[in-house]
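End of the sequence shown = 920 in the numbering used here, gap-free, step of one.
C-beta atoms are modelled at their ideal positions from N, C-alpha and C, and glycine is treated no differently.
Note that this is a predicted model, so its numbers are computed, not measured.
Encoded as structure tokens, the structure appears first; notes follow it.
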Amino acid sequence: MIKLASVFSGIGAVEHALERLKNEKDIDYEIVFACDNGERELSKSIDEIEDTIKELDYEEKKSYINELYEQTKKPNYVKMSYFENYDIDENEWYEDIRFIDGSKYQGNVNLLVGGSPCQSFSNMGKRKGLVDERGILVFQFIRLINEIQPNVFIFENVPGMLSHNKGRTWEKIKDKFDSLDYDIHIDILNSKDYGIPQDRRRLFVVGFKKKVENFKFPEKQELNTKLSDFLEDKVDYIHYLGRKGFEFVTNPNNSNRARINSEIMKTQKANQQYNWNGDFIFEKYDPNKHDKKIKKRAYLGEYEGEQGVVRQLTNRECLRLMGFSDNFNIVVPRMQAYRQAGNSIVVNVLQELMKSILEVVDFNE
Numbered sequence: 556m557i558k559l560a561s562v563f564s565g566i567g568a569v570e571h572a573l574e575r576l577k578n579e580k581d582i583d584y585e586i587v588f589a590c591d592n593g594e595r596e597l598s599k600s601i602d603e604i605e606d607t608i609k610e611l612d613y614e615e616k617k618s619y620i621n622e623l624y625e626q627t628k629k630p631n632y633v634k635m636s637y638f639e640n641y642d643i644d645e646n647e648w649y650e651d652i653r654f655i656d657g658s659k660y661q662g663n664v665n666l667l668v669g670g671s672p673c674q675s676f677s678n679m680g681k682r683k684g685l686v687d688e689r690g691i692l693v694f695q696f697i698r699l700i701n702e703i704q705p706n707v708f709i710f711e712n713v714p715g716m717l718s719h720n721k722g723r724t725w726e727k728i729k730d731k732f733d734s735l736d737y738d739i740h741i742d743i744l745n746s747k748d749y750g751i752p753q754d755r756r757r758l759f760v761v762g763f764k765k766k767v768e769n770f771k772f773p774e775k776q777e778l779n780t781k782l783s784d785f786l787e788d789k790v791d792y793i794h795y796l797g798r799k800g801f802e803f804v805t806n807p808n809n810s811n812r813a814r815i816n817s818e819i820m821k822t823q824k825a826n827q828q829y830n831w832n833g834d835f836i837f838e839k840y841d842p843n844k845h846d847k848k849i850k851k852r853a854y855l856g857e858y859e860g861e862q863g864v865v866r867q868l869t870n871r872e873c874l875r876l877m878g879f880s881d882n883f884n885i886v887v888p889r890m891q892a893y894r895q896a897g898n899s900i901v902v903n904v905l906q907e908l909m910k911s912i913l914e915v916v917d918f919n920e
């Protein structure tokens, strides 16, 4: 039995991967706890909070943190998606990794998974690194490893973490991982090497509490799919672009932001599909397919010598291109669903990585 804890849990990529592996690898898993603040920020500093909770017991601390997030008056859309799709009790959910006491779970978690916010290290962000509050959350993940002592941990982030500040940032982070006395393996895996037509390179750190022999990261696979294989047959009219959008995304001068009908999409991002950012689909005009609502909304223009319309990828298509099956329930507003897909880990990559881990670790011991 895999006893899973995840932090920066998002919409549950590792949970989805383990669900798929149930039959294939004859394994089962249970969620011990999960944690995600849903991109909400607290007005109080960590010092103010710690000063308030230092005399409280564990449950009182948890209630106090939950109340602080309630006071933001912002819903946790990530939690909504997670609870709709996975079997978890309210008591097993945490809003903030900084206030989890991992020692409470020592001996009860054998797999810990998390990918701290990547904006601090991404080439697409401001790259503030460890000066950014989001950047230092990697150390909270390392703290939990030390307190929980899981059999295996998986950490994910952008490859830019390795090069940030000429490698000095990674040197500090790597030193902290090394101090755990785990058998640590590091590699960069790309989604397009594991069945998903998306050019998404991500850093993976896998640690084993006991020294393992013959662990190897999953071998690359030939890509036999393209973006068009993941598209829906019928798409709502709201996804079609007007004249400004059409002209922007079909302009080759804007190819750094928007691309049309690529076989392999660029990396999905949290702000994908908005402000004409991401991958888009050009459809040759078809009077039978493009109904009155589409005709009213969409601009009919010319692209590569053909008359047609341009549309966004749908929420479902974005989830498919992150490896999520169609049985994943979408219960949040459209923009939030795009953000959640773009912030997730690709399920196929985690699935193949878990297969490699299962070759060298018996979680039933």
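> According to DSSP, is Gly662 helix, strand or coil?
Replying inline: DSSP places Gly662 in coil when its eight states are reduced to three.
> Considering Val500, what are the terminal residues of the alpha helix (DSSP H) in which it resides?
Replying inline: Past the boundaries of the shown model lies residue 500; the chain is included only from 556 to 920, so the question cannot be answered.
>> So the candidates are Pro672, Asn712, Asp612, Leu735; which of them puts its Cα closest to the Cα of Glu702?
In response: The residue among Pro672, Asn712, Asp612, Leu735 with its C-alpha nearest the C-alpha of Glu702 is Leu735.
> Comparing alpha-carbon positions, which option in Asn769, Lys747, Arg812 lies nearest Ile739?
Replying inline: Closest in C-alpha terms to Ile739, from the list Asn769, Lys747, Arg812, comes Asn769.
> Expressed to the nearest angstrom, what Euclidean distance is found between the alpha-carbon atoms of Gly610 and Arg653?
Replying inline: The residue you asked about is not Gly; residue 610 is Glu in the sequence shown. Cα to Cα, the separation comes out at about 17 Å.
> Is Ile697 helix, strand or coil by DSSP?
Replying inline: Ile697: helix per DSSP, three-state reduction.
> Which value, in whole angstroms, describes the spacing of the CA atoms of Glu787 and Asn870?
Replying inline: Spanning the two alpha carbons is a distance of roughly 10 Å.
> Can you tell which of Leu874, Tyr624, Cys590 has the C-alpha that lies nearest to the C-alpha of Ile604?
Replying inline: Selected option, being the one with the closest Cα: Tyr624.
>> What residue range does the alpha helix (DSSP H) around Asn712 cover?
In response: From DSSP, Asn712 is part of no alpha helix (DSSP H) but of the beta strand (DSSP E) over 707–712.
> Which residues share a DSSP beta bridge with Ser561?
Replying inline: For Ser561, which the question treats as bridged, DSSP gives the partners Ala589, Val668.
> Which residues in the same chain as Leu597 place their Cβ atom closer than 6 Å to its Cβ, once the five residues preceding and following it in sequence are excluded?
Replying inline: Excluding sequence neighbours, Leu597 sits near Leu623.
>> Using the three-state DSSP reduction, which class does Val865 fall into: helix, strand or coil?
In response: DSSP places Val865 in strand when its eight states are reduced to three.
> So, are the CB atoms of Leu692 and Ser718 less than 8 Å apart?
Replying inline: Leu692 places its beta carbon 8 Å or farther from that of Ser718.
> Quick one: Cα of Val916 to Cα of Ser783, how far?
Replying inline: Roughly 37 Å between the two C-alpha positions.
> Does DSSP put Asn903 in a helix, in a strand, or in coil?
Replying inline: Three-state DSSP puts Asn903 in a helix.
> So what's Leu758 in DSSP terms, helix, strand or just coil?
Replying inline: Reduced to three states, the DSSP call for Leu758 is strand.
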